[in-house]
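Q: What follows is a single structure, and I will ask about it in a moment.
Numbering (our numbering), first residue to last: 190 to 480.
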């Protein structure tokens, strides 16, 4: 078995590189020569050289951790809050979004609802908030409602539904995208309810939808299921409505039929009083609605 210790007869720089290999510091190995050159030219001190090497390695590892976490969480398209054009959606309160980026809602296991017409940036914001959670060391999973229900239905057929529900309960933040875009398969609403019920007051969620809450009975094929879902999803909730035009179609609005151009708003969520059934109110958990 070869020793990981450097050859004592090698040069000092080679011994340092060998030690870096043993410590699995690939980024530090890449920059050590440049660092030594700067040290020789008197541009940095010995301590500053050590700091630079360590900082380069730490930055590399943190970026790798984030990339791995995003891939495991199926956040395939990385979006940032800095990349969101708040000026294009003046109805959106930027301060509220930046407050969400502090991730207090994750710690409180709350549900964030992002509602608005297609193209207004709901998925972008959900992904960006997921990225902030990953940076903070939180586990995140991103999935569309259609894919989620399909996975749960498959698990039910195979007799592994309980295990699949536990799988989706593990992340600190579960992002469910595109509620209302595709028809929900028969029984899908019940499956989604089981997951929502399992995560209730235990894990945070972000939900995006182009439909108002009053239409959830139609989306899930049952007013009873919709009421049960909203009972839990609005108990500790933050509701953000984005009223605006599609960012993707901003350059081609003149090509759309008039009735589509003029129908940029979705219906305002109907007032909803969730049934408590004796459950104690969670401290600090309030339902917020945007103006």
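Built from N, CA and C at the ideal position, the CB exists for glycine as well. Predicted model only: the values in this text are computed from it and were never measured.
Mind checking whether residue 262 and residue 316 have CB atoms under 7 Å apart?
A: Taking the chain shown and counting its residues from 1, one reaches residue 262 at position 73. Taking the chain shown and counting its residues from 1, one reaches residue 316 at position 127. No. Outside cutoff.
Q: Kindly indicate which three-state DSSP category residue 454 falls into: helix, strand or coil?
A: The sequence position of residue 454 within the chain shown is 265, counting from 1. Bear in mind that the predicted position of residue 454 carries a pLDDT of just 44, short of 50, making it too unreliable to give a figure here.
Q: Is it buried or exposed, residue 391, if we count other Cβ atoms within 10 angstroms and call 16 or more buried?
A: Here residue 391 refers to the residue found at position 202 when the chain shown is read from its first residue. Looking at its Cβ environment, which holds fewer than 16 other Cβ atoms inside 10 Å, residue 391 is exposed.
Q: Anyone know if the C-beta pair for residue 398 and residue 369 falls short of 7 Å?
A: Locating residue 398 in the chain shown gives position 209, where the first residue counts as 1. Locating residue 369 in the chain shown gives position 180, where the first residue counts as 1. The answer is yes: Cβ separation under 7 Å.
Q: Between the region 236-251 and the region 273-292, are three or more C-beta pairs nearer than 8 Å?
A: At 8 Å Cβ cutoff, the stretches do not touch.
Q: Hey, residue 366 and residue 298: beta-carbon distance below 7 Å or not?
A: Indexing the chain shown from 1 puts residue 366 at position 177. Indexing the chain shown from 1 puts residue 298 at position 109. Taking 7 Å as the Cβ cut-off, residue 366 and residue 298 do not qualify as a contacting pair.
Q: Any chance you could list the alpha helix (DSSP H) runs of at least 4 consecutive residues sitting entirely within the region 337-391, in chain order?
A: 350-358 and 377-388
Q: Within the region 263-344, note down every full beta strand (DSSP E) run reaching 3 residues or more, in order along the chain.
A: 300-304 and 329-333
Q: Are there 16 or more other CB atoms within 10 angstroms of the CB of residue 374, so buried, or fewer, so exposed?
A: Your numbering for residue 374 matches position 185 in the chain shown. By the neighbour-count rule (16 or more Cβ atoms within 10 Å), residue 374 is not buried but exposed.
Q: Quick check: the Cα distance between residue 206 and residue 221, rounded to an integer number of angstroms?
A: Position 17 of the chain shown, counted from the start, is the residue given in the question as residue 206. Position 32 of the chain shown, counted from the start, is the residue given in the question as residue 221. Going by the C-alpha atoms only, they are around 8 Å apart.
Q: Once DSSP output is grouped into helix, strand and coil, what is the label at residue 441?
A: Counted from its first residue, the chain shown places residue 441 at position 252. Caution applies to residue 441, whose pLDDT of 46 falls short of 50 and renders its modelled position unreliable; the value that the coordinates give is listed next. Residue 441: coil per DSSP, three-state reduction.
Q: With a CB to CB cut of under 8 Å and the five nearest residues on each side skipped, what residues in its chain are close to residue 218?
A: On the chain shown, position 29 is the one that residue 218 refers to. So the qualifying residues of the chain are 206, 209 and 210.
Q: Drop a sphere of 10 angstroms on the beta-carbon of residue 455, count the other beta-carbons inside from all chains shown, and report buried for 16 or more, exposed for fewer.
A: On the chain shown, residue 455 is found 266 positions in, with the first residue counted as 1. In this prediction, residue 455 has a pLDDT of 39, which is less than 50 and means its spatial position is unreliable; what the coordinates show is noted afterwards. Under this definition residue 455 is a buried residue.
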